[in-house]
Amino acid sequence: MVALRMRKATTLLFSGGITQGTDRIARTGALLSRWISSASSSSSSVVVVEDDESGGVYGLGSVLKEYEDYRRSLYGDITHKALLVDAVGTLLVPAQPTAQIYKNVGEKYGVEYSEAEILTRYRRAYQKPWGGSHLRYVDDARPFWQYIVTESTGCSDSHYFEELYSYFTTEKAWKLCDPEAEKVFKAIKEAGVKVAIVSNFDTRLRPLLRALRCEDWFDAVAVSAEVEAEKPNPTIFLKACELLGVKPEDAVHVGDDRRNDVWGARDAGCDAWLWGSEVTSFKQVAQRIGVKV
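In my numbering, the protein residues as written are 1232 to 1524.
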């Protein structure tokens, strides 16, 4: 079933042949990238090829290479003028599992749920529509996080919440996903590529970046609590591009969430790569853009 769907997608995108011209590649670039992302998430190992009019055979690798070559024909060796980066899950992650922190801190406040129970309840609460506002992260997002903590642990003690909230404001609560990030971002900026954070986060993000000593890595920060739009809403990506002074089609976004990061960025007109799948390090991101590290 998956193979059939993918073959139909290939036929839809490339019937008539890629070799008919770069205009066709330009029109299908965004669809191609989204399709490859979808295909890469499948558990099946499928090789997809399609005959073109000249009798050649194109696999995913050669199609992707031709699209990247097309971008280089437009922009030169550097394929994008700007890099947009997701924060949590891409740039940084909690230093310890969130459920573990909730349990360890909560024991003195009477929390009895296991880490597994807390994690299940956390995910359930986080995925529910937030009734306090159309946005979860408003200003410091205290009402939203109070709701999450209470739903996850069954504990509504305000002292417990404040201890957790304060902990996640400090640098000891977080770690960088890529230990080479600083070196890579420096090389990217030296190559003339502008860099911005695009994150669904509250107003603690900026002081947190300062505490982690990585604020200077970025030319701009687009945080949902300030922009008043959350990914996948394309507004936040457009705001990031505006802050950097680039057009959306000149930017590529990297994030770990297919819906929020990849689809959201593409709806804004940006290119997008899925962290952990299409790219697994910032050095790889730089290389795909054309920056040598």
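From the three backbone atoms N, C-alpha and C, an ideal C-beta is built for every residue, glycine too.
Residue nearest to residue i in terms of C-alpha spacing, selected from the options
i, options, result
"ALA1456", "ASP1450, ASP1447 and THR1466", "THR1466"
"TYR1353", "TRP1376, ASP1370 and VAL1369", "TRP1376"
"CYS1408", "THR1310, VAL1522 and GLY1507", "GLY1507"
"ASP1502", "VAL1516, PRO1479 and PHE1513", "PRO1479"
"THR1434", "VAL1424, ILE1419 and VAL1458", "VAL1458"
"PHE1468", "ASP1488, ASP1498, LEU1440 and LEU1505", "ASP1498"
"TYR1340", "GLU1394, TYR1368 and PRO1463", "GLU1394"
"GLU1421", "TYR1378, LEU1436 and TRP1448", "TRP1448"
"VAL1454", "ALA1427, ARG1441 and LEU1443", "ALA1427"
"ALA1496", "LEU1314, ALA1412 and ARG1302", "LEU1314"
"GLY1307", "LYS1334, TRP1504 and ASP1481", "ASP1481"
"TRP1405", "CYS1386, ARG1355, LEU1440 and GLU1346", "LEU1440"
"LYS1514", "LYS1414, GLU1348 and ILE1332", "LYS1414"
"ARG1374", "LEU1322, PHE1392 and ILE1332", "Residue 1374 is actually Pro in this sequence, not Arg. Of the listed residues, the one whose Cα sits closest to PRO1374 is PHE1392."
Cβ neighbour criterion (16 or more within 10 Å) applied to residue i
i, result
"PRO1438", "exposed"
"SER1273", "In this predicted model, SER1273 has a pLDDT of only 41, less than 50, meaning its place in the structure is not dependable; the value taken from the coordinates is given anyway. Exposed is the call here."
"GLU1461", "buried"
"THR1384", "buried"
"TYR1398", "exposed"
"LYS1470", "buried"
"PRO1410", "exposed"
"VAL1278", "Only weak support exists for where VAL1278 lies, its pLDDT of 37 falling under 50; the value from the coordinates is given anyway. The residue in question, VAL1278, is exposed, as its Cβ has fewer than 16 Cβ neighbours within 10 Å."
"GLY1476", "exposed"
"LEU1305", "exposed"
"GLY1337", "buried"
"ASP1370", "exposed"
"LYS1430", "As written in the sequence, residue 1430 is Ser, which differs from the Lys given in the question. Buried, because 16 or more other Cβ atoms sit within 10 Å of the Cβ of SER1430."
"LYS1312", "buried"
"ARG1444", "exposed"
"LYS1425", "buried"
For residue i, the three-state DSSP class (helix, strand or coil)
i, result
"ARG1519", "helix"
"VAL1424", "coil"
"HIS1365", "coil"
"LEU1314", "strand"
"ALA1482", "strand"
"ALA1499", "coil"
"PRO1360", "coil"
"PRO1328", "coil"
"VAL1524", "coil"
"SER1293", "helix"
"LEU1305", "helix"
"LEU1436", "helix"
Same chain, Cβ closer than 6 Å to residue i, neighbours up to 5 away in sequence not counted
i, result
"VAL1516", "VAL1485 and VAL1510"
"SER1512", "ASP1409"
"ARG1490", "PRO1463"
Beta-carbon proximity list for residue i, same chain, < 8 Å, skipping 5 on both sides
i, result
"LYS1403", "ALA1326"
"GLN1518", "VAL1524"
"ASP1488", "ASP1317, GLY1320 and LYS1462"
"ALA1418", "ALA1517, VAL1522, LYS1523 and VAL1524"
Cβ shell of residue i (< 7 Å), same chain only, five flanking positions each side left out
i, result
"THR1310", "GLU1299, ARG1302, ARG1303, ILE1520 and GLY1521"
"ASP1388", "TYR1340"
Whole alpha helix (DSSP H) elements within the stretch 1441-1476, 4-residue minimum: If only uninterrupted alpha helix (DSSP H) runs of at least 4 residues are considered, those enclosed by the stretch 1441-1476 are 1455-1458 and 1465-1475.
Can you check the stretch 1333-1420 for any alpha helix (DSSP H) of at least 4 residues that lies completely inside it and give the ranges in chain order? Runs of the alpha helix (DSSP H) lying entirely within the stretch 1333-1420 and spanning at least 4 residues, in chain order: 1346-1358, 1373-1384 and 1389-1398.
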